[in-house]
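Below is one structure; the comments refer to it alone.
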Amino acid sequence: TVGAVLGGLAWANSAAMTVWLLYPLSEVLAWFSWLLAGIVLVLSGRRAGAPLLAVAMAGMMLSGHVPTVAPLLAAAGVAVLVGVIGGGADRRRAFDLALPVTAGILLSLPQLVPTLVYARSSGALAGRAAYASTHLPASAAWSWLVPRGFGSPEIAGYHGPANFPEATASVGMAVLLLAAAGLARDRLRLGLLAGAVVAAGVAYGLPGLSALIGLLPGLRETAGGRAILLVEWCLAAVAGLSLGRLDVRRRSTRLIVLVSAGLLLVLTLRHPALHSPQDAGSVLAAREALAAVGELSAAVVAFGFLAAGWRRTGEATLVALTLIGGVRLAWGFNPTLPVEALPGPGPAGPIARAAGGARVMPL
Numbered sequence: 007t008v009g010a011v012l013g014g015l016a017w018a019n020s021a022a023m024t025v026w027l028l029y030p031l032s033e034v035l036a037w038f039s040w041l042l043a044g045i046v047l048v049l050s051g052r053r054a055g056a057p058l059l060a061v062a063m064a065g066m067m068l069s070g071h072v073p074t075v076a077p078l079l080a081a082a083g084v085a086v087l088v089g090v091i092g093g094g095a096d097r098r099r100a101f102d103l104a105l106p107v108t109a110g111i112l113l114s115l116p117q118l119v120p121t122l123v124y125a126r127s128s129g130a131l132a133g134r135a136a137y138a139s140t141h142l143p144a145s146a147a148w149s150w151l152v153p154r155g156f157g158s159p160e161i162a163g164y165h166g167p168a169n170f171p172e173a174t175a176s177v178g179m180a181v182l183l184l185a186a187a188g189l190a191r192d193r194l195r196l197g198l199l200a201g202a203v204v205a206a207g208v209a210y211g212l213p214g215l216s217a218l219i220g221l222l223p224g225l226r227e228t229a230g231g232r233a234i235l236l237v238e239w240c241l242a243a244v245a246g247l248s249l250g251r252l253d254v255r256r257r258s259t260r261l262i263v264l265v266s267a268g269l270l271l272v273l274t275l276r277h278p279a280l281h282s283p284q285d286a287g288s289v290l291a292a293r294e295a296l297a298a299v300g301e302l303s304a305a306v307v308a309f310g311f312l313a314a315g316w317r318r319t320g321e322a323t324l325v326a327l328t329l330i331g332g333v334r335l336a337w338g339f340n341p342t343l344p345v346e347a348l349p350g351p352g353p354a355g356p357i358a359r360a361a362g363g364a365r366v367m368p369l
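My numbering puts the sequence shown at residues 7 to 369.
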């Protein structure tokens, strides 16, 4: 139960959820865990699985961002395929997925059909033939450790690679350590970590992967860099599973935690913005890096509690750190845009007149 709480908090408070509040991506992502839960329940022969899967499928489709739905459904499909072929799921029950999936699609048709019809004549879609081959620069990976290391739109501006929502990925230091501590303990966690590695390869441009995605209809029109959203979900899931099954008494587990913590500390202190005094956001970077070091230190202490036999204290500390890290990222974040940032007729348009100088939420 504690592991499920930590995994849920990590996903709900991840950068994937927070920074994409500007657009409908967060609403789509919020349904993803329910979709997978429905699939697992159906494959387990549970009656609640079919209605949950149908509702989750419709919810994702109706949430307003089909380009995000496509890679999530592809990832879910691969997970089912791997589970069935690998023997982790009953092959006969795999056919039971067809009815609730079809029901979910039918429920979403009143919105899905006109959306697809519009997309066929969309000039933007025609220009996205190679969109899946786009990826994030390697420097964007520092956001896993220091989410606001390159600044933030609402705090001293943003001075990093790509743009803030695209480049920022964060699940907290406690989750990263838990994911490392649970490395290779069972097939489920290994599979999730493998999924995270593949998604990260797509997001950060591992040679060959982006080109492969670009060959697949439906996926080639989606931004390759946004595969980072799947990495965040996989890490949150691995962390939750690891906390429930963690045995810190094993010397190998303690060694992995200490080595991982040392590596994360070194990488945090090597953040490029800390060594660029001319960077206008260097003061913010130093403050955020210091907070990251504090969070990492507290996570190591929590593992110390677990190793000393104080399991409840250690688990509670890790859950609290996951929540605090998510709240820190979200605190002060403004999910609106200044009117001048909106495409359209400009400051004289009806949206600007209605806003009266205030910021607006894009819909």
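Where a beta carbon is used, it is the ideal one built from N, C-alpha and C, also for glycine.
Endpoints, the alpha helix (DSSP H) within which residue i is located
i, result
"Tyr124", "Ala104 to Arg126"
"Glu33", "Leu31 to Leu49"
"Ala17", "The sequence shown places Trp at residue 17, not Ala. From DSSP, the alpha helix (DSSP H) with Trp17 extends over Val8 to Ala18."
"Gly230", "Counting along the chain, Gly230 falls outside any alpha helix (DSSP H), and DSSP gives it neither H nor E."
"Phe170", "Phe170 to Ala173"
"Arg193", "Arg193 to Ala209"
"Gly332", "Arg317 to Ala336"
"Leu75", "The sequence given here has Val at residue 75, not Leu. Segment Val72 to Ile91, the alpha helix (DSSP H) holding Val75."
"Thr140", "Note, Thr140: premise wrong, no alpha helix (DSSP H); not H, not E."
"Ser258", "Arg257 to Leu275"
"Ala56", "Gly55 to Leu68"
"Ala180", "Met179 to Ala187"
"Ala22", "Ala21 to Thr24"
Proximity to residue i [Cα-Cα], best of the options
i, options, result
"Gly9", "Val46, Asn169 and Val325", "Val325"
"Arg193", "Ala22, Gly89, Leu261 and Leu235", "Gly89"
"Gly188", "Leu27, Pro116 and Val254", "Val254"
"Ala175", "Ala336, Asn340 and Thr7", "Ala336"
"Pro167", "Met23, Arg257 and Pro278", "Pro278"
"Ala305", "Gly320, Ala295 and Val25", "Gly320"
"Pro57", "Met67, Leu103, Ala82 and Val75", "Leu103"
"Pro106", "Val203, Leu47, Arg276 and Ala22", "Leu47"
"Ala173", "Thr24, Thr7 and Ala54", "Thr24"
"Val84", "Gly315, Trp316, Leu42 and Trp17", "Leu42"
"Leu87", "Leu49, Arg53 and Gly315", "Leu49"
"Ser149", "Leu79, Gly51, Leu218 and Arg276", "Arg276"
"Val272", "Ser303, Ala18 and Leu113", "Ser303"
"Trp17", "Thr323, Leu182, Arg257 and Ser128", "Leu182"
"Ala314", "Ala125, Ala147, Gly197 and Arg256", "Arg256"
Sub-8 angstroms separation of residue i and residue j beta-carbons
i, j, result
"Trp37", "Gly65", "yes"
"Gly201", "Leu142", "no"
"Ala242", "Val177", "yes"
"Ala60", "Ala109", "yes"
"Gly155", "Glu294", "yes"
"Leu252", "Leu312", "yes"
"Leu184", "Leu115", "no"
"Met63", "Leu118", "no"
"Val34", "Thr74", "yes"
"Glu414", "Phe309", "With the chain represented from 7 up to 369, any question about residue 414 goes unanswered, as that position is not in the structure."
"Ala82", "Ile111", "no"
"Ala186", "Ser266", "yes"
"Val263", "Arg195", "no"
"Trp40", "Ser32", "no"
"Leu296", "Gly157", "no"
Whole-Å CB distance - residue i paired with residue j, under 8 angstroms assumed
i, j, result
"Leu15", "Gly332", "7 angstroms"
"Ala205", "Cys240", "7 angstroms"
"Ala298", "Thr328", "Wrong, their Cβ atoms sit about 14 angstroms apart, outside the cutoff."
"Pro153", "Ala21", "6 angstroms"
"Val236", "Pro77", "For clarity, residue 236 is Leu in the given sequence; the question names Val instead. Indeed they touch by this definition, with Cβ atoms about 7 angstroms apart."
"Pro171", "Leu280", "Not a contact, Cβ separation roughly 23 angstroms."
"Val72", "Thr121", "6 angstroms"
"Leu215", "Gly207", "5 angstroms"
Identity of the residues DSSP links to residue i by a beta bridge
i, result
"Tyr164", "Gly157"
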